[in-house]
Amino acid sequence: MCVCPDNNLSKAVIFIRKTFAAALSLLTALSLSGCGITPPPQNPVFDISGKECVIEYAGKEYHAGITNAPGITSVSFEDPPSVAGFVYTFKPDECNITFGDLTFSAAPSRLCSNALPQLINDILKDAASPEALTPESAPASEQAQAARWSGSVSGVRYTVDSDRITGEILTVVIKDRDTRIIFSDKE
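Residues in the sequence shown are numbered from 1 upward in steps of one, following our numbering.
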């Protein structure tokens, strides 16, 4: 006489095995893809020396070198030819504008309000202060690698995207001024 296993019991065992295998596969896929719990983002690091800088401003593209040391910000335009060679150096109470052998010095308050170089200086000074930035959610497409921060200086709101792990600055966006500053490593 042959004893056949209960059909419902064998179906239940097969279902449990398939469910366990599917759950194990899902957990493995999530752990390998990095979609698990992400650590909180590193605060932005404003060491931009040696970085390439492209400024998209009012529909035009500018290439500049920007250095940001404590108390001194320098914006040196490289391209397009109409601004190539202009260097703006901001100190706490003075701005020097240099072109070739010519230098003009003035108090920053004497410059045009919200002129691009002054706006860059104001944002870099403001954003370097840890309490100036508020964390936001980065867009889903950038969420794994970027953290988004927002700030405001002199009534101008801006966002900073930084590398989630290292804190390196990737972009600064000033929507009201149609401006985007993109930082990348020099090649």
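By construction, the Cβ of each residue, glycine as well, lies at the ideal position given by its N, Cα and C atoms.
Cβ of residue i within 8 Å of any chain C Cβ
i: S137; result: Absent from the structure is chain C; it holds one protein chain and no more.
Buried/exposed call for residue i, threshold 16 Cβ in 10 Å
i: T103; result: exposed
i: P81; result: exposed
i: L30; result: Note on L30: pLDDT 49, under 50, position unreliable in the model; the coordinate value appears next. So L30 counts as exposed.
i: Q118; result: buried
i: I120; result: buried
i: T159; result: buried
i: R110; result: exposed
i: I169; result: buried
i: S74; result: buried
i: R164; result: buried
i: R157; result: exposed
i: D161; result: buried
i: D185; result: exposed
i: T199; result: In the structure as shown, the chain starts at 1 and stops at 187, and residue 199 therefore has no counterpart that could be examined.
i: N43; result: exposed
i: C112; result: exposed
i: V45; result: exposed
i: A147; result: buried
i: A64; result: buried
i: A107; result: exposed
Identity of the residues DSSP links to residue i by a beta bridge
i: P135; result: W149
i: S76; result: G65 and V87
i: I181; result: I55 and V172
i: N96; result: T89 and S105
i: R110; result: Answer is none; R110 lacks a bridge partner.
i: D163; result: A146
i: K125; result: None; K125 has no bridge partner.
8 Å contact criterion, which residue i and residue j should meet: CB distance rounded
i: F198; j: V83; result: What the structure shows of the chain is the stretch from 1 to 187, and residue 198 is not part of that stretch, so it cannot be assessed.
i: I181; j: I55; result: 5 Å
i: G151; j: A128; result: Contact doesn't hold; Cβ gap of about 10 Å is too wide.
i: I199; j: V172; result: What the structure shows of the chain is the stretch from 1 to 187, and residue 199 is not part of that stretch, so it cannot be assessed.
Residue i Cβ short of 7 Å to the ligand SAH heavy atom set
i: F86; result: Absence of the ligand SAH from the depicted structure is noted, as is the absence of any ligand whatsoever, leaving it without description.
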